[in-house]
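So the sequence shown is residues 8 to 437, counted in the working numbering.
For glycine and all other residues, C-beta sits at the position ideal for the given N, C-alpha and C.
The next block holds one structure in the form of structure tokens; read it before the comments.
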Amino acid sequence: MIEAGLKPLPPSVYQLDAPPAPETPPLDGSRRADVAIIGGGIVGLATALHLAEAGVEVVVLEAQEPGWGASGANGGQLNPGLKYDPDTIEQTYGADLGRRMIAFAYDTPNRALALIKRLGIDCDARQNGTLRAAYSERAATGVEETARQCIARGMPVAIFDERKVAAATGTDRYVAAMFDARGGDVNPLSYVRGLARAAIAAGANVYGQTPARSIKRAANGWIIETDRGGVQAEKILIATNGFTDDLWSGLKQTIVPVFSAIAASEPLPAAMAKRILPSRSNVYESGRITVYYRVDAQGRLLIGGRGPMRPISKPGEIGYLLAYAQRLWPDLREIRWSHGWNSRLAMTQDHWPHLHEPDDDALIYLGCNGRGVALGTAIAEQLAARLIKGASAQLDLPVVTQKPIRFHSFWPLAVRSVVLHGRIMDRLGL
Ligand SMILES: Cc1cc2nc3c(=O)[nH]c(=O)nc-3n(C[C@H](O)[C@H](O)[C@H](O)COP(=O)(O)OP(=O)(O)OC[C@H]3O[C@@H](n4cnc5c(N)ncnc54)[C@H](O)[C@@H]3O)c2cc1C
């Protein structure tokens, strides 16, 4: 169960540039709403925004403050697609849903950037593309195959050979890469706070420091109890991702909440800034343990990957990422790392995001598997439409039944062994 009291935000570099969070006082007393949303991250807030814009009375209950979870602390990369390549998506879900999923998932950065523009959110949004980079021949085969499938479908994707990827990244580490022109990036804390502000301006009621303690069936919908009050709502959306607790029976057992960590450098000196990732694209590696990085609008290098499975607050706590960055660009020896932080995301066993509809008046969306900034933004519009129109509103992701992961209680051990195994194999170049 989530403890009462405000926990500080992860100490990310984003706080240096983000505007203050909007006022979101705790819920005190009882109230009613058409829709109650649990979780004030990108998914919860963007859904609230669309609902409020459609004139629906919506309440968001957030245990801490808007964007406190992964949404305000992530890598800020708007990356197209899902984990699986287009052929696999189509084979798994068939021609109709499969094709819709591909069109939707690869368009999500465009949708997020369009929303940011429409709302006028000042969050350093850029669109310099995404590079999925392979450092082994084996990974290169996979990346090139995915690129070929995208190109065959007319997407703005290119295969970069060793020379081209070196020119784009400034390192000779990679054998090949897939470049997708649709990728973009944002300051995620500025973005999610902008979403919260826009949702409130549109009429949503966002309550901070208000953990939902229980959800019960009522005569006409649901009753959500909080420490100092409650909400009676006709419909609910649960959007708690990597912070999912026991609020909804069995939900916690459907995901593995893993930490991902990021280190940020001080702004790179001008000469170095030209040599390190000159393309200013997002990079995420195709490897056993994904390392991802970008140079932000202020010229800082932000590099992320797996780290300790506990909250961290200093770059020194993720020394392996700093050493890895130096391996990519030996120049970085001279650079000071100013920030190190982490947050939790939700992995699913099948690596697909999970959209559950346990009843015609309840939706659950979680299991971002590390892709939630663009995808979470885009799916929110469809979640809102589904909450308004019911089954007649089309969803471009499959609705699946909630299934617990077997041996779920052993996940910390399993994650540790997978991470260690991946690191050793990567070190050996296998
Ligand atoms: C370090 C890191 C880097 C990442 N990098 C990227 C990236 O570069 N690109 C990308 O696309 N994705 C990235 N991701 C994933 C992305 O951040 C997530 O997919 C996305 O933010 C999830 O949004 P959300 O709204 O579903 O959940 P969250 O933002 O995690 O929000 C869930 C919220 O629910 C609240 N909550 C939980 N239980 C309750 C309760 N009982 N009552 C009330 N509130 C509750 C929590 O306080 C939390 O604020 C990264 C994730 C991490 C951790």
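Quiz item: Measuring CA to CA, which of Ala-206, Ala-55, Ala-140 is closest to Pro-29?
Solution: Ala-206
Quiz prompt | Same chain, Cβ closer than 7 Å to Ala-25, neighbours up to 5 away in sequence not counted | solution = Asn-194, Leu-196, Ser-197, Arg-200
Practice problem: Can you tell me which of the three DSSP states Val-466 falls into? | Solution: In this structure the chain extends from 8 to 437, so residue 466 is not present and cannot be described.
Practice problem: Specify whether the segment 340 to 360 and the segment 75 to 83 touch according to this definition: at least 3 beta carbon pairs, one from each stretch, less than 8 Å apart. | Solution: yes
Exercise. Please go through the segment 255 to 298 and give each complete beta strand (DSSP E) segment of 3 or more residues, from N-terminal end onward.
Key: 263 to 272, 289 to 293
Quiz item: Any idea which residues DSSP pairs Asp-187 with across the strands?
Solution: Thr-137, Val-164
Quiz item: Does the distance from the C-beta atom of Trp-336 to that of Pro-322 stay below 9 Å?
Solution: no
Exercise. Closer than 6 Å by C-beta to Gly-48: which residues in its own chain qualify, once you throw out the five before and the five after it? Chain order, please.
Key: Gly-76, Ser-78
Practice problem: Grab the span of the beta strand (DSSP E) containing Lys-223 for me, first residue to last. | Solution: 219 to 225
Quiz prompt | DSSP state of Leu-373 mapped onto helix, strand, coil | solution = strand
Quiz item: Is Asn-194 near ligand 3, with its Cβ less than 8 Å from a heavy atom?
Solution: This structure simply doesn't include ligand 3; it includes ligand 1 instead.
Practice problem: On a CA-only basis, which of Pro-87, Arg-38, Lys-90 is nearest Val-66? Give me that one, please. | Solution: Arg-38
Quiz item: Between Asn-227, Glu-364, Asn-376, which lies nearest to Leu-394 when the distance is taken from Cα to Cα?
Solution: Glu-364
Practice problem: Consult DSSP for Leu-404 and reduce its assignment to one of helix, strand or coil. | Solution: coil
Self-check item: Three-state secondary structure (DSSP) of Gly-323
Solution: helix
Quiz item: How far does the beta strand (DSSP E) with Asp-366 in it reach, from first residue to last?
Solution: 361 to 366
Quiz item: Among Leu-404, Ala-61, Asp-357, which one has its Cα closest to the Cα of Ala-208?
Solution: Ala-61
Self-check item: the segment 122 to 138 touching the segment 285 to 298, judged by at least three CB pairs closer than 8 Å
Solution: yes
Practice problem: State whether the segment 156 to 164 contacts the segment 268 to 275, with contact taken as three or more CB pairs (one from each stretch) at a distance under 8 Å. | Solution: no
Exercise. Put Val-67 into one of helix, strand or coil per three-state DSSP.
Key: strand
Practice problem: Report the three-state DSSP secondary structure of Glu-30 (helix, strand or coil). | Solution: coil
Quiz item: With 16 as the cutoff for other CB atoms within 10 Å, does Gly-436 come out buried or exposed?
Solution: With a pLDDT of only 43 at Gly-436, under 50, the local geometry of the prediction cannot be trusted, and the value read off the model is given with reservation. By the 10 Å Cβ count, Gly-436 comes out exposed.
Quiz prompt | Ala-141 versus Arg-155 - alpha carbon distance | solution = 15 Å
Quiz item: Smallest Cα separation from Ala-385: which of Asn-81, Thr-178, Ala-59, Pro-116?
Solution: Pro-116
Self-check item: Length of the line joining the Cα atoms of Leu-328 and Gly-311
Solution: 7 Å
Quiz item: Roughly how many angstroms lie between the CA atoms of Ala-175 and Glu-169, to the nearest whole one?
Solution: 10 Å
Quiz item: Is it buried or exposed for Lys-242, if we count other Cβ within 10 angstroms and need 16 for buried?
Solution: buried
Practice problem: Could you check the C-alpha separation between Gly-190 and Arg-301 for me, to the nearest Å? | Solution: 12 Å
Quiz item: To the nearest angstrom, how far is it from the Cα of Ala-183 to the Cα of Leu-284?
Solution: 15 Å
Practice problem: Return the CA-CA distance between Lys-2 and Tyr-100, expressed in angstroms with no decimal places. | Solution: Here the chain has residues from 8 to 437 only, and residue 2 is not among them.
Quiz prompt | Residue(s) in a DSSP beta bridge with Ala-43 | solution = Val-66, Ile-243
Quiz item: Just to check, is the beta-carbon of Val-298 closer than 8 Å to a non-hydrogen atom of ligand 1?
Solution: no
Quiz item: Taking just the CA atoms, how far does Val-172 sit from Phe-186?
Solution: 9 Å
Self-check item: Test item: CB-CB of Val-407 and Leu-362 under 9 Å
Solution: yes
Exercise. Please say whether Ile-371 and Gly-347 have beta carbons closer to each other than 9 Å?
Key: no
Self-check item: Exposure of Gly-257, with buried meaning 16 or more beta-carbon neighbours within 10 Å
Solution: exposed
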